[in-house]
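Quick notes on the structure that follows.
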Amino acid sequence: MKCSACGKFMAAAEGVTCPKCDRKSHRACVKVPEGVQVQPTWLCPDCKIRTPRKSDQNTPVRGLNSENIIKQGEEKPQSPVAQGLKESELAF
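Going by this note's numbering, the first residue of the sequence shown is number 3, and it counts up by one from there.
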């Protein structure tokens, strides 16, 4: 059988199997150390990417303040170049 991560052939005993998609991968390819038992909730990288994240409404949004929030119906401010200013006129 082939490793689903690297595509190289492997023996069934030297890999781990994803419980969701039944793909087999080398332990090293999916960063599972030798001798560690895989938890039933473990997913291969492909399945983990495809699993939707939980929505947590209590997570704060960083980097936003009242100055850089565009309200509905307002136009987005144009960049200095879009306003017709030349690069030599811009103060850096």
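Backbone N, C-alpha and C define an ideal beta-carbon position, used for all residues, glycine too.
- Where does residue 50 fall in DSSP's three states? Three-state result, residue 50: helix.
- Query: Relative to the C-alpha of residue 43, which residue among 57, 15, 13, 20 is closest?
  - Reply: With distances taken between Cα atoms, residue 43 lies closest to 20.
- Message: Counting C-beta neighbours from all protein chains within 10 Å, is the total for residue 37 16 or more, i.e. buried, or is it exposed?
- Response: Residue 37 should be labelled exposed.
- Message: So the candidates are 22, 55, 29, 7; which of them puts its Cα closest to the Cα of residue 15?
- Response: Closest option to residue 15, Cα to Cα, is 29.
- Measure from the alpha carbon of residue 33 to the alpha carbon of each residue in 25, 24, 22, 17, then state which is nearest. Among 25, 24, 22, 17, the Cα nearest to that of residue 33 belongs to 17.
- Query: Do the CB positions of residue 8 and residue 23 come within less than 8 Å of each other?
  - Reply: Not a contact, by the Cβ cut-off of 8 Å.
- Task: Apply the 10 Å Cβ neighbour rule to residue 57 and answer buried if 16 or more other Cβ atoms are within range, or exposed otherwise.
- Result: Burial call: exposed.
- So, is the C-beta of residue 33 closer than 8 Å to a C-beta in chain D? Of the protein chains in the structure, only one exists, and it is not chain D.
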